Structures are given as structure tokens and as C-alpha cells.
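FYI, the numbering for the sequence shown is -24 to -1, 1 to 138, going by mature numbering (1 follows the signal peptide of the UniProt record, and there is no 0). Taking it in order: structure first as C-alpha cells, then the write-up.
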Amino acid sequence: MNHHSSTGFAIAGAVCLAAFAASAEEGPALQVVSANPTGTTLELSLSDLDALPQVSFETSTIWTDTAITFSGVAMAEIIKAAGLTGSTVEMVALNDYAATIPMSDVAESAPIIATRIDGATLSVRDKGPFWVVFPYDADPKYQTETVYSQSVWQLSRLNILD
């Protein structure tokens, strides 16, 4: 291994540790990663997400016993605020489960990145810190196996792919 490679890994490791330490202090962060050549990565804390326009709706899910109110930020709003473009969004969970959604299916108000259920922030135990949620009761198009597979809980990262 040449000196430049090991130095690059050391710097990358230090940056990752610093980012982890910063996000640990502020609570969980959602990474938004661009697949462009520069590989831009944004770390959005709960307070960053709360500063964006909020969407709330009540819906039942196949994972909950009753209809509940989900609140958060529309995925489209996060992508717009980050200034990123692409054809596909890959959603990655804490356990590395991943699902994709075509950018053409990312509507102005759905899916949302839920940060709260019935007003309470989501813990990892409650499928948080972030959960990709659709208004399942609003339209049969949200009641398909494809949409259910895109409903990633314990979301940690959005990869914006070309």
C-alpha cells in the first residue's frame, strides 16, 4: 500500500469519527448521499429535519394495530433542500436492509420521512429514528407489496442514484 492510500484512509476515518461524534451529540442523523462524482454527503439531525416543511397524516399500517398519526418531512422536500437530482432513491436501514424507489414515484407529499408517531419522536424500538411512510389508507396504490417493501424503518441513509 502506498503512503497516499493509507493517509487517505486515516483522513477518511477521522472524518467519519468526527461526523459520528457530532451526530451522537445531537441524536440520530439521516445521511443523504449523492452518487455524483463528488459523493456529497449531508448529515441531517432531527432539528434539521424539523426546520423543513412538515407533513402529517393519519393512517393504519400492516405493522401497527391501529391508525396512527405520522409526522415528518416529505422525501421530495429533503431531496430538494439538499439540491440533489437523480433517477432513483435507495433507502438504507440501520441493519443495512435497502429498498429503492424511482424518483418519479416520489410525490410532493408522499412518502414522508417520519420523525414522530402521535407527536412523539421515534426510538429505534419504535421503528425509528426515521421511517419511510406512505398514506396507506389514502389510496390503494399505497397498499402493494412494492410500497410495503419501500416502507423502510430504522432509516439511516438516502442514496440519490443517477
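We treat Cβ as the ideally placed atom computed from N, Cα and C, and that holds for glycine. These figures come from a predicted structure and were not determined experimentally.
Proximal residues to residue i (C-beta, below 8 Å), its chain only, five neighbours per side dropped
i: G15; result: V9
i: D76; result: For the record, residue 76 in the displayed sequence is Thr; it is not Asp. If we look at T76 and ignore the five residues flanking it on each side, its Cβ neighbours are T64, V65, E66, M67, Q126, L137.
i: G3; result: S21, L22, P105
i: A57; result: L28
i: T97; result: L22, T91, G104, P105
i: K117; result: V123
Own chain, CB closer than 7 Å to residue i, minus 5 neighbours either side, in chain order
i: M79; result: G62, S63, T64, V65
i: Q119; result: Y112
Minimum C-alpha distance to residue i - residue among the options
i: G95; options: D138, Q130, G48; result: G48
i: K103; options: A75, L60, Q130; result: Q130
i: D72; options: L134, P4, D138; result: L134
i: E121; options: T37, L20, V100; result: T37
i: A5; options: E19, A11, N12; result: E19
i: I55; options: L98, Q119, A86; result: A86
Residues sharing a beta bridge with residue i, DSSP
i: A86; result: Its beta-bridge partners do not exist; DSSP assigns none.
i: G48; result: V31, A90
i: S10; result: I136
i: I77; result: V65
i: S125; result: S125 pairs with nothing; no bridge assigned.
i: D107; result: The question names Asp, yet the displayed sequence has Trp at residue 107. In DSSP, W107 forms a bridge with A90.
Nearest-angstrom Cβ-Cβ length linking residue i and residue j, presumed shorter than 8 Å
i: F110; j: S127; result: 6 Å
i: A83; j: A52; result: 7 Å
i: Y112; j: T17; result: No, Y112 and T17 are not in contact; Cβ-Cβ is about 31 Å, not under 8 Å.
i: I88; j: V123; result: Not a contact, Cβ separation roughly 13 Å.
Own chain, CB closer than 6 Å to residue i, minus 5 neighbours either side, in chain order
i: R92; result: S47
i: L25; result: V49, T91
i: L60; result: S10, I136
i: W39; result: none
i: A74; result: E66, V68
Residue i vs residue j beta-carbon contact at 9 Å
i: A90; j: S132; result: no
i: T45; j: F33; result: yes
Closer than 9 Å to chain B by CB, residue i
i: I136; result: Going by chain labels, chain B is absent from the structure shown, which holds only one protein chain.
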